[in-house]
Amino acid sequence: MGDSGKGRRVIPFSKELNADGTTLVASLSQPELSLIHTLAAQVADMLDDLARAPSIADPDAAALYESVGIGGSAAIHSDPAIARLLPDAYKGDADASRDFRGLTERSLAARKVANARMVVASLTVAEEAGGELRIDATQVQAWLRTLADIRLTIAARLGIEADGDEGPDDEDSLVLRDVYDWLGWVTETLLGALE
Amino acid sequence: MTQTIESTEITEQTVLDSGWITLVWNDPVNLMSYVSYIFRSYFGFSKEEADKRMLQVHNDGRAVVAMGPREEMERHVEAMHDFGLWATVAKADA
Numbered sequence: 005m006g007d008s009g010k011g012r013r014v015i016p017f018s019k020e021l022n023a024d025g026t027t028l029v030a031s032l033s034q035p036e037l038s039l040i041h042t043l044a045a046q047v048a049d050m051l052d053d054l055a056r057a058p059s060i061a062d063p064d065a066a067a068l069y070e071s072v073g074i075g076g077s078a079a080i081h082s083d084p085a086i087a088r089l090l091p092d093a094y095k096g097d098a099d100a101s102r103d104f105r106g107l108t109e110r111s112l113a114a115r116k117v118a119n120a121r122m123v124v125a126s127l128t129v130a131e132e133a134g135g136e137l138r139i140d141a142t143q144v145q146a147w148l149r150t151l152a153d154i155r156l157t158i159a160a161r162l163g164i165e166a167d168g169d170e171g172p173d174d175e176d177s178l179v180l181r182d183v184y185d186w187l188g189w190v191t192e193t194l195l196g197a198l199e
Numbered sequence: 562m563t564q565t566i567e568s569t570e571i572t573e574q575t576v577l578d579s580g581w582i583t584l585v586w587n588d589p590v591n592l593m594s595y596v597s598y599i600f601r602s603y604f605g606f607s608k609e610e611a612d613k614r615m616l617q618v619h620n621d622g623r624a625v626v627a628m629g630p631r632e633e634m635e636r637h638v639e640a641m642h643d644f645g646l647w648a649t650v651a652k653a654d655a
């Protein structure tokens, strides 16, 4: 499993209890806000096509298809990041994996897109509030999942496939690696504030 | 005797229904604290049990986190994929 790049700056999430439940509050700098905003939007864009219902001419059939939410590709995606976010559900059983993907892939992609957009929306509010991020229990769940999806995407781009992999050491990769580690810290502090 | 027959049927039914497992696989990305949190919040494991299975994933490369009917295992796998964990369904005896 990954480690969270210890020693880096922690976003100090604090917990507020109110009538609607628990809200987590953090103060983020402008670069931090816009970095997560950009990365979450990229995850949403990357999966958007897979999250859409196929175009069906008959509007009644299209509406039914949309409401049921089933659909998916015939095989795992060739892009390693998408393949990691929408993985096979059976190991060593291509037929069962294909059947499962055909029923569930589109709705899984749609939930990931919705989570990422929820993160973007909460960051947009925070940007207007001078950097104060406030996330409720539902948004916390979207944040945790989206942070994982962003880090999995970066790891796929860096070729981090096994424990101990560091990724390439060119300058661009090192910058990306720093972002990856920092997002690990954000996850860690979010979880810490939830305890 | 009726009771014996009934209990035999129940046993067979239980074996058929619980013949599937949900496996979670190790990856180099997801944090140990996150995996443990998922096991607690989604499966309802105690902190001790969640940490035990998380360490099993970390050290052995995988851990069984649920056992039961295939449809239920597929729902769990989908939920794990939501979180970004790699999970698979398998036959219990495979």
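Protein chains in written order, with the numbering used here: chain A, 5 to 199; chain B, 562 to 655. Each residue gets a CB set at the ideal place from its N, CA and C atoms; glycine is no exception.
Can you look up residue i in the DSSP assignment and give me helix, strand or coil?
i, result
"A/Leu198", "helix"
"B/Asn620", "helix"
"B/Ile591", "A small fix is needed here, since residue 591 of chain B is Asn in this sequence, not Ile. Residue state, collapsed to three classes: coil."
"A/Gly163", "coil"
"A/Ser82", "coil"
"A/Arg105", "helix"
"A/Arg149", "helix"
"B/Ala648", "strand"
"A/Ile139", "strand"
"A/Gly96", "coil"
"A/Pro18", "In the sequence as displayed, the identity of residue 18 of chain A is Ser instead of Pro. Residue state, collapsed to three classes: strand."
"A/Gly6", "strand"
"A/Gly25", "strand"
"A/Ala218", "Because chain A in this structure spans residues 5 to 199, residue 218 of chain A falls outside the shown range and cannot be described."
"A/Arg155", "helix"
"A/Gly188", "helix"
"B/Phe606", "coil"
"A/Pro35", "helix"
"B/Ile599", "helix"
"A/Val183", "helix"
"A/Glu131", "helix"
"A/Pro172", "coil"
"A/Arg56", "coil"
"B/Asp643", "helix"
"A/Ile40", "helix"
"A/Pro91", "coil"
"B/Asp612", "helix"
"A/Asp62", "coil"
"B/Ala653", "coil"
Could you check which residue in the options has the C-alpha nearest to that of residue i?
i, options, result
"A/Thr157", "A/Lys19, A/Asp49, A/Ser38 and A/Pro63", "A/Asp49"
"A/Asp153", "A/Arg115, A/Asp103, A/Ala67 and A/Thr108", "A/Arg115"
"A/Gly75", "A/Glu36, A/Arg105, A/Val47 and A/Ala120", "A/Arg105"
"B/Leu646", "B/Glu633, B/Lys613, B/Phe600 and B/Glu632", "B/Phe600"
"A/Ser177", "A/Ala159, A/Thr191 and A/Thr42", "A/Ala159"
"B/Phe606", "B/Leu592, B/Ser594 and B/Val626", "B/Val626"
"A/Leu54", "A/Glu192, A/Glu165, A/Leu32 and A/Ala78", "A/Ala78"
"A/Gly142", "A/Leu51, A/Ser101, A/Pro63 and A/Ala120", "Here residue 142 of chain A turns out to be Thr, not Gly, going by the sequence shown. The residue with the shortest Cα to Cα distance from A/Thr142 is A/Ala120."
"A/Leu37", "A/Glu175, A/Ile164 and A/Trp186", "A/Trp186"
"B/Asp643", "A/Gly6, A/Glu192, A/Gln145 and A/Gly188", "A/Gln145"
"A/Ala51", "A/Ser18, A/Glu20, A/Phe17 and A/Ala87", "Residue 51 of chain A is actually Leu in this sequence, not Ala. Minimum Cα distance to A/Leu51 is reached at A/Ala87."
"A/Leu89", "A/Thr150, A/Ser18, A/Trp189 and A/Ile139", "A/Thr150"
"A/Lys19", "A/Asp167, A/Asp140 and A/Leu180", "A/Asp140"
"A/Val124", "A/Ala23, A/Ala98, A/Thr108 and A/Arg138", "A/Arg138"
"A/Thr42", "A/Met122, A/Ala30, A/Gly96 and A/Tyr94", "A/Met122"
With DSSP as the reference, please indicate the residues paired to residue i in a beta bridge.
i, result
"B/Met628", "B/Ile582"
"A/Ala30", "A/Leu137"
How would you label residue i, buried or exposed, when you count the other beta carbons within 10 angstroms and need 16 or more for buried?
i, result
"A/Tyr184", "buried"
"A/Gln34", "exposed"
"B/Glu567", "Interpretation of B/Glu567 is limited by its pLDDT of 47, a score under 50 that renders its predicted location unreliable; the figure taken from the coordinates is listed afterwards. Answer is exposed; the Cβ neighbour count stays below 16."
"A/Glu170", "exposed"
"B/Thr569", "Reliability fails at B/Thr569, whose pLDDT of 47 lies under 50, so the model's placement of it is uncertain and the value that follows must be treated cautiously. B/Thr569 should be labelled exposed."
"A/Asp92", "buried"
"B/Ala648", "buried"
"A/Gly6", "buried"
"B/Arg587", "In the sequence as presented, Arg is not what sits at residue 587 of chain B; that position holds Asn. Buried, since its Cβ has 16 or more Cβ neighbours within 10 Å."
"A/Gly188", "buried"
Quick one: list the residues of chain B neighbouring residue i, beta-carbon separation under 8 angstroms, in chain order.
i, result
"A/Ile86", "Neighbours of A/Ile86 on chain B: none; closest Cβ ~12 angstroms, over 8 angstroms."
"A/Arg149", "Asp643, Phe644 and Gly645"
"A/Phe17", "None at all; the shortest Cβ gap to chain B is about 14 angstroms."
"A/Gly115", "One detail in the question is off: residue 115 of chain A reads as Arg in this sequence, not Gly. Per Cβ cutoff of 8 angstroms: Asp643."
Taking residue i as the query, report the chain A residues whose CB atoms sit under 8 angstroms from its CB, ordered along the chain.
i, result
"B/Val590", "Met5, Gly6, Ala152, Arg155, Leu156, Ala159 and Ile164"
Quick one: which chain A residues come within Cβ less than 7 angstroms of residue i?
i, result
"B/Val596", "Met5"
"B/Val650", "Ala93 and Tyr94"
Name the chain B residues that come within less than 7 angstroms of residue i, Cβ to Cβ?
i, result
"A/Pro91", "His642 and Trp647"
"A/Thr191", "Leu592 and Tyr595"
"A/Arg52", "The identity of residue 52 of chain A in the sequence shown is Asp, whereas the question assumes Arg. Under the 7 angstroms cutoff, chain B gives no residues; its nearest Cβ is about 17 angstroms from A/Asp52."
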